[in-house]
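Read the structure below first, then the notes.
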Amino acid sequence: MRHLNSRRLLALTLSIILLAVQPAILSVRAQTVVDFTTIARATVYVTSVYEVAGRRVVSCTASGTLVSADGLILTNAHAVVDSERCRVDDIAISVAVRLNEPPVLTYYADVVSYDLGLDLAVLRIARLIDGRQVEKGTLSLPFVELGDSRQLRLDDTITVFGYEGIGDQTVTLSRGTIIGFIAEARGGEQAWLKTSATILGPMAGGGAYNSAGQLIGIPTTAPASDPAAVLDCRQVQDTNGDGLVDSRDRCIPVGGFINALRPAHLARGLVRAARLGIVDGGHIASAQVAAAAAAAGEPSFGPIFFAPSINEAGQPTMFVTVHQRVTARASGAGAGACGATGDR
Amino acid sequence: MTAMTGLPSRQEFPLTRTQRWANALTVVVALLGLGIGFLMKDQIVSSTVPFRDLAAGILARYPQGWLLDTAGDYVFRVRDPESPRFLTTLQVQVIAIGEDAAARNILDDLTLQRAQTLAAYRVLRAVPDTLPDGDPTTRVEYVYVATEANPFLEPVPVVVYGVDMVTLKRGQAIIVTFRVEAERFEDEAWRLEQFLASLEF
């Protein structure tokens, strides 16, 4: 009887131990099922090109991430939206068919929606590299799932994927932790995620993933207030057709190091709009609101942000204060260095 | 045994020494003829003629009988006039590059330009390789569909298999291109190897 009791006691003890360690075992299992191969395949290389005398020349590059099987790509806006720094006639997409080889130019994509303030853009693969249209429903590409970046906590481990150079580099990963959050007028308390991961300039637009393999951030270069402040630039092509590659040729900006990520939750709206086929909806809506207000002869304002200066994207460089309801007279009186943004 | 088959056995009519020599010599001569024939065929097929462009600093040997062309945006191009459907082509092109350029940048540039003119152009792979002289290079394999522009010839499009060897040297990219009808690539690939072995730049 005493022997039986000791057996029962042993079984009970083992059961308690098993129950205690089960969550840890499950957690380890959850971590091991992250498919980094799919993430690497879903990481694309984005090349903006423009035409000079019938010749296509590269102007900007970035990394990007496929967020749907039918070819939606999330990347940085500064590399795909036409600007003084980055001329864009077309956007070419390189795909890493073999992960041990550099990606190969395969498609052209169109910008579906973008936000220069957040520096995020969603592209849709539209044509093959030879110009033929991609038939709807024929693409079945590897893609990643958007995670909830608001659940991130300090010291959470993240893995960043992207292309670390404009040369022969293959897709690369870098691991680090979340070391801080930065608030911003439009992005809220977690407008930026600071990370300890080493992220090189060309990895901008790629993806940062949580331990479940969900996309939680986009490595992003904060828009510089000085348009001339190009961090690093590489001359690789004869863009002016004079047979030489020198300082008169246009260079490809590669940026410096990045230690900030745009949280994926700020991209959800853009991705959703792209999925629904709403092209550049936010900008059109803002323009329509402004036009209607102008027609009525009344000024119309959304939230007013006060900041010492604005960057090239028209966004405040530093958040000072915000007023949800401001009359035209009051805003006019308070105008020193202020940037007003449309209501989204 | 003789009675059964009706044929005289070798023991009954043995060959003379002269006959035996004649037999052996016949075999030897036939084999020699075959060997010499093969050698001559091989020599004719693989015979080459030199090409020299001192301005571009290119020395090479291309197959004899191929048509030489130096009028395009390349150093030179030779084509096999006897190829049945698509003229097998060897071409050398030199382009200026920046000091930061990598083979991948050249490849992207080629892809962007070619995709505008070659139907169904698609790069299959790009892998590091080594030239016969030990120089590092990048081997790019691609396919496209060649179509005859003249509709009166009622042509059937041909799938072309191409190989580019992209070598970066002295601020230039030297691109050796080999194009052949896809079905004949395996049989003709040696021509690229032979050409690369003779190439100096």
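For the record, the sequence lines run as chains G and Y.
Read in order, the letters of the first sequence correspond to residues 1 to 344 in our numbering.
Read in order, the letters of the second sequence correspond to residues 1001 to 1201 in our numbering.
C-beta atoms are modelled at their ideal positions from N, C-alpha and C, and glycine is treated no differently.
7 Å Cβ cut-off: residues of chain Y touching residue i
i        : result
G:ILE133 : With the sequence shown as reference, residue 133 of chain G is identified as Gln, and Ile is not the correct amino acid for it. Those within 7 Å of G:GLN133 in chain Y number zero; the least Cβ separation is about 13 Å.
G:LEU139 : None at all; the shortest Cβ gap to chain Y is about 15 Å.
G:VAL245 : ALA1096, ILE1097, GLY1098
G:ARG124 : Chain Y residues near G:ARG124: none, gap ~19 Å exceeds 7 Å.
G:ALA96  : Correct list: empty, because the minimum Cβ distance to chain Y is about 11 Å.
Limits of the unbroken beta strand (DSSP E) element including residue i
i         : result
Y:ARG1079 : 1076-1079
G:TRP192  : 188-200
Y:PHE1178 : 1172-1181
G:ILE216  : 215-219
G:MET203  : Element bounds for G:MET203: n/a, residue is neither H nor E.
G:CYS251  : Here G:CYS251 belongs to no beta strand (DSSP E), and DSSP marks it neither H nor E.
Y:GLU1141 : 1136-1146
G:ILE73   : 72-75
G:LEU105  : 104-115
Y:GLY979  : In the structure displayed, chain Y extends from 1001 to 1201; residue 979 of chain Y sits before or after that span and is not available.
Y:ASP1164 : 1158-1169
Listed by chain order, chain G residues near residue i by CB distance under 8 Å
i         : result
Y:THR1130 : The premise fails here: Y:THR1130 is roughly 15 Å from chain G at the closest Cβ pair, so nothing lies under 8 Å.
Y:GLN1113 : ARG55, ARG56
Y:VAL1159 : Those do not exist, as Y:VAL1159 stays about 14 Å from chain G at its closest Cβ, beyond 8 Å.
Heavy atom of the ligand ZN within 8 Å of residue i beta-carbon
i        : result
G:GLU145 : Among the components modelled here there is no ligand, and therefore nothing to report on the ligand ZN.
Opening and closing residue of the alpha helix (DSSP H) in which residue i lies
i         : result
Y:ALA1030 : 1017-1046
G:ALA274  : 268-275
Y:GLN1113 : 1103-1117
G:ILE39   : 36-42
Y:GLN1194 : 1185-1198
DSSP three-state assignment for residue i, whether helix, strand or coil
i         : result
G:ASP168  : coil
Y:PRO1151 : helix
G:ASN240  : coil
Y:THR1088 : coil
G:ASN259  : strand
G:SER15   : helix
G:ARG8    : helix
Y:ALA1055 : coil
G:ALA264  : helix
Y:GLU1012 : coil
Y:ALA1120 : strand
Y:ALA1071 : coil
G:ALA20   : helix
G:SER96   : Sequence check: residue 96 of chain G is Ala here, not Ser. G:ALA96 falls in the coil class under three-state DSSP.
G:ALA53   : coil
G:ALA79   : helix
G:ILE91   : strand
G:ARG85   : coil
G:LEU66   : strand
Y:PHE1201 : coil
Y:LEU1131 : coil
G:ASP246  : coil
Beta carbon of residue i nearer than 9 Å to that of residue j
i         : j         : result
Y:ALA1060 : Y:GLU1200 : yes
Y:THR1138 : Y:VAL1123 : no
G:ALA92   : G:ALA109  : yes
G:GLY131  : Y:ALA1149 : no
Y:GLN1091 : Y:VAL1166 : no
G:ALA260  : G:ILE182  : yes
Y:ARG1104 : G:ASP168  : yes
G:GLY187  : G:LEU118  : yes
G:GLY162  : G:GLY213  : no
G:VAL67   : G:LEU74   : yes
G:ALA274  : G:VAL144  : no
G:THR61   : G:LEU99   : no
G:LEU72   : G:LEU116  : no
G:ARG56   : G:VAL49   : yes
G:LEU407  : Y:ALA1096 : Nothing in the structure corresponds to residue 407 of chain G, since chain G is present only between 1 and 344.
G:LEU200  : G:GLY176  : no
G:ALA94   : G:LEU105  : Reading off the sequence, residue 94 of chain G comes out as Ser, not Ala. Yes, the pair counts as a contact, with Cβ atoms nearer than the cut-off.
Y:ASP1133 : G:VAL58   : no
G:ASN210  : G:ASP156  : yes
Proximal chain G residues relative to residue i, where beta-carbon distance stays under 7 Å
i         : result
Y:VAL1127 : GLU101
Y:ARG1104 : PRO102, GLY167, ASP168
Y:ASP1108 : THR47, VAL58, LEU105
Y:ALA1101 : VAL236
Where residue i meets chain Y, residues with beta-carbon distance less than 9 Å
i        : result
G:ASP238 : ILE1095, ALA1096, ILE1097, GLY1098
G:ARG248 : Per Cβ cutoff of 9 Å: no residues; G:ARG248 is ~12 Å from chain Y at best.
Proximal residues of chain G, C-beta to C-beta of residue i below 9 Å
i         : result
Y:ALA1120 : LEU128, ASP130, ARG132
Y:VAL1166 : None at all; the shortest Cβ gap to chain G is about 11 Å.
Y:VAL1029 : Correct list: empty, because the minimum Cβ distance to chain G is about 54 Å.
Partners in chain Y for residue i, counting only beta-carbon separations shorter than 8 Å
i        : result
G:ARG262 : Near G:ARG262 there are no residues of chain Y at all, since even the closest Cβ is about 27 Å away, more than 8 Å.
Complete runs of the beta strand (DSSP E) confined to the segment 118-178 of chain G [at least 3 residues]:
120-128, 157-163
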